[in-house]
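Residue numbers (the numbering used here), protein chains in the order written: chain B, 416 to 731; chain V, 5 to 264.
From the three backbone atoms N, C-alpha and C, an ideal C-beta is built for every residue, glycine too.
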Amino acid sequence: MAFSLVYLEAVEVPLSATALELIAGAARLGDPVAVTNHAVTPDVVAALGAAGVSGVVVPEGGNEAAQQNFLSFETELLAIALSETEASGVVLPNSVNGKEIAARLGAKLEAGVITDAIDIAADGTVTKSVLAGAYTTQAHVTEGPLIVTLKGNSVEFVAPATAEDPDLLEIPVEDVKPGARIVEVREKAESGRPDLTAARIVVSGGRGVDGDFSQVEELADALGAAVAASRAAVDAGWIGHDLQVGQTGKTVSPQLYVAAGISGAIQHKAGMQTSKVIVAINDDPDSPIFEIADLGIVGDLKNVLPQAAAALRERS
Amino acid sequence: MRVLALVKYVPDAQFDRHIDPATHRMIRDESILSELDEYAVEAALQMKESSASGSTVVALTVGPEQAANAVKKALQMGADEGIHITDSAIQGSDALATSRVLAAAIEKAGPFDAVVTGLSSTDAETSLVPAQLAERLGLPLLSFATSVELNESTVRITRDADAASYVLEADFPLVLSVTDQANEPRYPNFKGIMAAKRKSIETLTLADLGLTPEQVGAAGSKTVVVESAERPARVGGNVITDDGEAGLRLAEFILAQKVL
Ligand SMILES: Cc1cc2nc3c(=O)[nH]c(=O)nc-3n(C[C@H](O)[C@H](O)[C@H](O)COP(=O)(O)OP(=O)(O)OC[C@H]3O[C@@H](n4cnc5c(N)ncnc54)[C@H](O)[C@@H]3O)c2cc1C
Chain B
416 MAFSLVYLEA
426 VEVPLSATAL
436 ELIAGAARLG
446 DPVAVTNHAV
456 TPDVVAALGA
466 AGVSGVVVPE
476 GGNEAAQQNF
486 LSFETELLAI
496 ALSETEASGV
506 VLPNSVNGKE
516 IAARLGAKLE
526 AGVITDAIDI
536 AADGTVTKSV
546 LAGAYTTQAH
556 VTEGPLIVTL
566 KGNSVEFVAP
576 ATAEDPDLLE
586 IPVEDVKPGA
596 RIVEVREKAE
606 SGRPDLTAAR
616 IVVSGGRGVD
626 GDFSQVEELA
636 DALGAAVAAS
646 RAAVDAGWIG
656 HDLQVGQTGK
666 TVSPQLYVAA
676 GISGAIQHKA
686 GMQTSKVIVA
696 INDDPDSPIF
706 EIADLGIVGD
716 LKNVLPQAAA
726 ALRERS
Chain V
5 MRVLALVKYV
15 PDAQFDRHID
25 PATHRMIRDE
35 SILSELDEYA
45 VEAALQMKES
55 SASGSTVVAL
65 TVGPEQAANA
75 VKKALQMGAD
85 EGIHITDSAI
95 QGSDALATSR
105 VLAAAIEKAG
115 PFDAVVTGLS
125 STDAETSLVP
135 AQLAERLGLP
145 LLSFATSVEL
155 NESTVRITRD
165 ADAASYVLEA
175 DFPLVLSVTD
185 QANEPRYPNF
195 KGIMAAKRKS
205 IETLTLADLG
215 LTPEQVGAAG
225 SKTVVVESAE
235 RPARVGGNVI
245 TDDGEAGLRL
255 AEFILAQKVL
């Protein structure tokens, strides 16, 4: 069986759900070989083996050059790994960094790149949702390796019956294309809530929260849900841009999306209208959000959200 | 300083957008300058304004005849010159082929300090082109800038990714992509609109760029869409008015979904 590559941005034990999904995505295309620019411990290698990875590729001598060549270092690393393994495809996370490496790799190798994949078939056919969720398309590359970025929560990981004992391959990375220099990295604090793009339930607040997200957070916590926001709330500085849903924010597709004090502008809908069930709470009965809500509540979110949160806490 | 601002003419996202069921290509009526490219034009204008006199902003587009409208809008905002690459063979290009055309056009446009783009087009929304340009042109890329700071010979940006945010720096010449957090695009004012009428747009074909039809369009692309299906439109469900107990109804509704 041919190899496939899976690019992992972070590798820690236990492997994250994201890493496992990416491995599962790559396994559709071949025998997965993991590539990462981080140093890996024997623990990590063993965990990757248990997940079905047959080889692990890291840069020889560490990744210091990556600091001076933002993402062009990782591109070169993958290009070399691809030529060494003759892999049929590369699966990367659908993160801003993952997409950028995929883009560079495509231009470098004159290979086709498909982003935002929600499914990958064994024959290399990739499914994605386009035009803000209005269409589902299937595409494939016409020749050469498939470079694909896979969205979270889209393929299921099933642990293989037998673990592999992966070989660790250190490869020299030279001739890196000039990149930007990293001046500073600010790691983000964990919120304690589920990750927005992976969450099964999302409670989102807009301009209607009027500066106070506590009721949105209260309902989210009663549901074990992620918190999100419209751009109006982000622009007002009430909440970080990380939590913005929409055209220029995150795209989410949870089982349940609760929109509180959000009017439903097209750019917001672009990020959430593929949610399975949508609930809207808005004091304006003419808000366009009601056109797509499975349950609409015309009312003040300041009354509705705490009452729902209290009732839910009582039931659990 | 000479800054190239890349602008794309895309279907207006305010209307329903459609894919042709036979060709699986987007139907491109009712198009406008991509809203996200207004941030690129604004960033380019700000770079020009904060540097020495004699600086220029060139708006560059690739697209059908009507795409000149995207350049026109950029000229109205304050860009000095326009370049429009148009050739029927280019139609149907994927990101890889598009970046090939753009890279050739940028090289043809002459020496520059920066190429500025939006964070993605609002049609295909892949964000692939800026990085592919950097790779093809062999230049550093400052991508997804949420703020841009210009120094003597360098640009410094902040960039937000999922697990961390970064401060990145690169020397001119470079490729820069800006998000909608980076600035507030100006509206063309009366003076800008009148001045734009006297600015010229240079129109070029593939041959002018030294490219052949085989290098662009479907022939020059490495991806192909084989199927497209419209999702059924969502229909609104039950709308109730809060009578003091809507929160309880909401809790019941959520419990009935069995998502907990
Ligand atoms: C290029 C571009 C990109 C964009 N990208 C995004 C994006 O990614 N995400 C995004 O969200 N937007 C985006 N926008 C902005 C978008 O157009 C809207 O401006 C934005 O979504 C509005 O946010 P909102 O619904 O919170 O605010 P509003 O439209 O002001 O709506 C607030 C709603 O709250 C209701 N309300 C007020 N008080 C209460 C109360 N006490 N109880 C209940 N309801 C109440 C009001 O009736 C109103 O319907 C973008 C715009 C542009 C131009």
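Item                                                                                                                                                                         : Value
Over the uninterrupted beta strand (DSSP E) stretch that includes V/PHE257, give me the two end residues.                                                                    : Where V/PHE257 is concerned, there is no enclosing beta strand (DSSP E), although the alpha helix (DSSP H) it sits in stretches over 250 to 261.
Closer than 8 angstroms to a non-hydrogen atom of ligand 1 - does that hold for the CB of B/LYS717?                                                                          : yes
Of all the options B/ASP698, B/GLY676 and B/ILE707, which has the alpha carbon lying nearest to the alpha carbon of B/SER690?                                                : B/ILE707
Let me know the secondary structure DSSP gives V/THR121 once reduced to three states.                                                                                        : strand
Ends of the beta strand (DSSP E) at B/VAL505?                                                                                                                                : 504 to 508
List the residues of chain B that V/GLN219 touches, going by C-beta distances under 7 angstroms, in chain order.                                                             : Result: empty, since nearest Cβ-Cβ is about 10 angstroms, beyond 7 angstroms.
Please report the residue range of the beta strand (DSSP E) in which B/LEU546 lies.                                                                                          : It is not in any beta strand (DSSP E) - B/LEU546 carries neither H nor E in the DSSP assignment.
Compute the Euclidean distance between the alpha carbons of V/ALA223 and B/GLU427, then round it to the nearest angstrom.                                                    : 42 angstroms
So, for B/ALA494: in the same chain, excluding its five sequence neighbours on each side, which residues have a beta-carbon less than 8 angstroms away from its beta-carbon? : LEU520, LYS523 and LEU524
State the Cα-Cα distance for the pair B/ASN509 and B/VAL528, rounded to the nearest angstrom.                                                                                : 12 angstroms
Heavy atom of ligand 1 less than 8 angstroms from the Cβ of V/GLY248, yes or no?                                                                                             : no
Return helix, strand or coil for B/GLN670, following the three-state DSSP convention.                                                                                        : coil
In terms of DSSP beta bridges, what is V/PRO164 paired with?                                                                                                                 : Note on identity: in this sequence residue 164 of chain V is Asp, with Pro being the wrong assignment. Its beta-bridge partners are V/SER169.
Measure from the alpha carbon of B/THR456 to the alpha carbon of each residue in B/LEU583, B/PRO593 and B/SER419, then state which is nearest.                               : B/LEU583
Could one say the Cβ of B/THR490 lies closer than 9 angstroms to chain V's Cβ atoms, at least one of them?                                                                   : yes
B/ILE562 bridges to which residues according to DSSP?                                                                                                                        : B/VAL505 and B/VAL528
Would you say V/GLN95 faces chain B, with C-beta separation under 9 angstroms as the test?                                                                                   : no
Can you list, in chain order, the residues of the region 598 to 619 of chain B whose Cβ is nearer than 9 angstroms to any Cβ on chain V?                                     : VAL598, GLU599, VAL600, ARG601, GLU602, LYS603, ASP610, THR612, ARG615 and ILE616
I'd like to know whether the C-beta of V/VAL120 is nearer than 9 angstroms to at least one C-beta of chain B.                                                                : no
Under 8 angstroms, with one C-beta from each stretch per pair, do the region 62 to 69 of chain V and the region 192 to 199 of chain V reach the 3-pair mark?                 : no
Tell me whether B/GLN659 sits in a helix, a strand or coil according to DSSP, three-state version.                                                                           : strand
Relative to the alpha-carbon of B/VAL468, which residue among B/ALA434, B/LEU486 and B/LEU497 has its alpha-carbon at the smallest distance?                                 : B/ALA434
For the candidate residues B/ALA723, B/PRO721 and B/ASP701, whose alpha-carbon lies nearest to that of B/VAL713?                                                             : B/ASP701
Extract the residue ranges of the alpha helix (DSSP H) inside the region 437 to 489 of chain B, only unbroken runs of 4 or more that lie entirely within it.                 : 457 to 465
Taking buried to mean at least 16 other C-beta atoms within 10 Å of its own C-beta, is V/PHE257 buried or exposed?                                                           : buried
Cβ atoms of V/ASP84 and V/THR60: under 9 angstroms apart, would you say?                                                                                                     : yes
Can you give me the Cβ contacts of V/SER55 inside the same chain, cut-off strictly under 8 angstroms, excluding the 5 residues immediately before and after it?              : MET5 and LEU154
Hey, would you say B/LEU561 sits closer than 9 angstroms to B/LEU658, going by beta carbons?                                                                                 : no
Taking B/ARG622 as the query, report the chain V residues whose CB atoms sit under 7 angstroms from its CB, ordered along the chain.                                         : Simply none; closest approach about 17 angstroms.
So, is the C-beta of B/ARG443 closer than 9 angstroms to a C-beta in chain V?                                                                                                : no
Determine the chain V residues that contact B/GLY539 at a beta-carbon separation under 7 angstroms, and present them in chain order.                                         : Within 7 angstroms Cβ-Cβ: nothing; B/GLY539 doesn't reach chain V, min ~11 angstroms.
Could you spell out the range, first to last residue, of the beta strand (DSSP E) harbouring V/GLY224?                                                                       : Unbroken run through V/GLY224 is the alpha helix (DSSP H), 221 to 224; no beta strand (DSSP E).
Measuring straight from C-alpha to C-alpha, what distance separates V/GLN136 and B/VAL667?                                                                                   : 26 angstroms
Could you confirm whether any beta carbon from chain B is found closer than 9 angstroms to the beta carbon of V/GLN50?                                                       : no
Within the 9 angstroms Cβ cut-off, does B/LYS658 reach chain V?                                                                                                              : For the record, residue 658 of chain B in the displayed sequence is Leu; it is not Lys. No, because no Cβ of chain V sits closer than 9 angstroms to the Cβ of B/LEU658.
Along chain V, which residues have their Cβ under 7 angstroms away from the Cβ of B/ASP709?                                                                                  : GLY241
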